[in-house]
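Per my numbering: the sequence shown = residues 27 to 360.
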Amino acid sequence: MELDLPFIWAALIAFAVLAYVVLDGFDLGIGILFPLFDKGRERDVAMNSVAPVWDGNETWLVLGGGGLFAVFPLAYATILPALYAPLIAMLLGLIFRGVSFEFRHRTVRGKFLWDWGFAGGSLVAAFAQGITLGALVQGIEVANRAYAGGWWDWLTPFSLLTGAALVVGYALLGATWLVMKTEGSLYHRARRFAWIAGLATLGLIAVVSLWTPFLNPVFLERWFAWPTLIFSIVVPLLVAACAWLLFRGLIDHRQAQPFLASLALFVLCFAGIGISFYPYMVPPSVTIWQAAAPDESLAFLLVGAVVLIPIILAYTGYAYWVFRGKVDPEEGYH
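1) Work out the CA separation of residue 246 and residue 235 for me, nearest whole Å.
2) Rounded to a whole number of angstroms, what is the C-alpha to C-alpha distance between residue 360 and residue 131?
3) Helix, strand or coil for residue 88, going by three-state DSSP, please let me know.
4) In angstroms, rounded to a whole number, what distance separates the CA positions of residue 167 and residue 173?
5) On a CA-only basis, which of 248, 262, 273, 275 is nearest residue 306? Give me that one, please.
6) Given residue 325, which residues of its chain have a CB within under 7 Å of its CB, disregarding the five upstream and five downstream residues?
7) From which residue to which residue does the alpha helix (DSSP H) around residue 48 run?
8) Buried or exposed for residue 353, please, with buried defined as at least 16 other CB atoms from any protein chain shown within 10 angstroms of its CB.
9) Assess contact between the segment 183-200 and the segment 49-59, defined as three or more Cβ pairs (one per stretch) separated by less than 8 Å. Is contact present?
10) Note the first and the last residue of the continuous beta strand (DSSP E) segment covering residue 7.
11) Can you name, in chain order, every residue of its own chain whose Cβ lies under 7 Å from the Cβ of residue 271, other than the five neighbours on each side?
12) For residue 111, which three-state DSSP category applies?
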């Protein structure tokens, strides 16, 4: 049986993007919440909770972007010109956040500047990622295998909504991560933030989900025609179950349950986006197979992916295992 290499690579890139969102989302969320923590001890503990893993989480972003360039060159060549502004803003935010992460531990007098740099970089990166997602969902105008839209096509009410939704969702991940990793005053503060962000996230998921099918007739048919109507019934039920687990975990002071339930919410939303997108790589006109490189290139690159992705998964899992449990407030970041 001949392998459908473009489909396999689309699944791998989708997995890389999902891995980035669920892994880097919580440390971006901590940055978003950072100004709300007490200066000094609370901020240090919050940052130390992600110090061992935050930079490794961004490996998946490199894999997703690099894979898109190598495997789906047409998609890369049309998406980038359409989204230069939010993507550059995202990269600048990530760079500034990384620099702030390192520098705030090397200064006393200027620490407040790097605190705000860490928070601002996280907020900008998260908001830009949400805008990028919204712009992709609403569609990119393509003509003659090239981007045919304008410079500001990405800036719409829907993309601003998805930007705000992702910021709030990341804040939920950050708060539930701190619920799992910290104790004392920071734990109680994070638990309160998790309640607020959880309710806001569910409300924004509902608004985005109701708006999305009406952006494109294909989306409308996909979600309300048989047999995909089944997903339109099952997915909201699963979201409701995750919401129950989230808030039940917060009420019962369970450590990991709220974080895992929040991750499950993101996975369900990502699955919903995938159902809307398929079979397009660049909605609403460029399919996975039209955007793909030649099969020979895909097969060659797949060999490398089969070797590298398990290695990345292994060292990522090992890092989380080694640094499991609550953060020791007396330990610092060096």
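Note that beta-carbon positions come from the ideal geometry of N, C-alpha and C, so glycine has one too.
The answer reads as follows:
1) Rounded to whole angstroms, residue 235 to residue 246 spans 11 Å at the Cα level.
2) Residue placement at residue 360 cannot be trusted, given a pLDDT of 44 that sits under 50; the coordinates are not used to answer.
3) Looking at residue 88 - three-state DSSP - the assignment turns out to be helix.
4) Inter-residue distance for residue 167 and residue 173 is about 6 Å (C-alpha atoms, whole angstroms).
5) That would be 248, whose Cα lies nearest to the Cα of residue 306.
6) Once the five neighbours on either side are set aside, the close Cβ partners of residue 325 are 31.
7) For residue 48, the uninterrupted alpha helix (DSSP H) run begins and ends at 31-59, by DSSP.
8) So residue 353 counts as buried.
9) Output reads yes: the segment 49-59 touches the segment 183-200.
10) With the chain running from 27 to 360 in the structure shown, residue 7 is simply not present.
11) These residues qualify, in order along the chain: 283, 287.
12) Three-state result, residue 111: helix.
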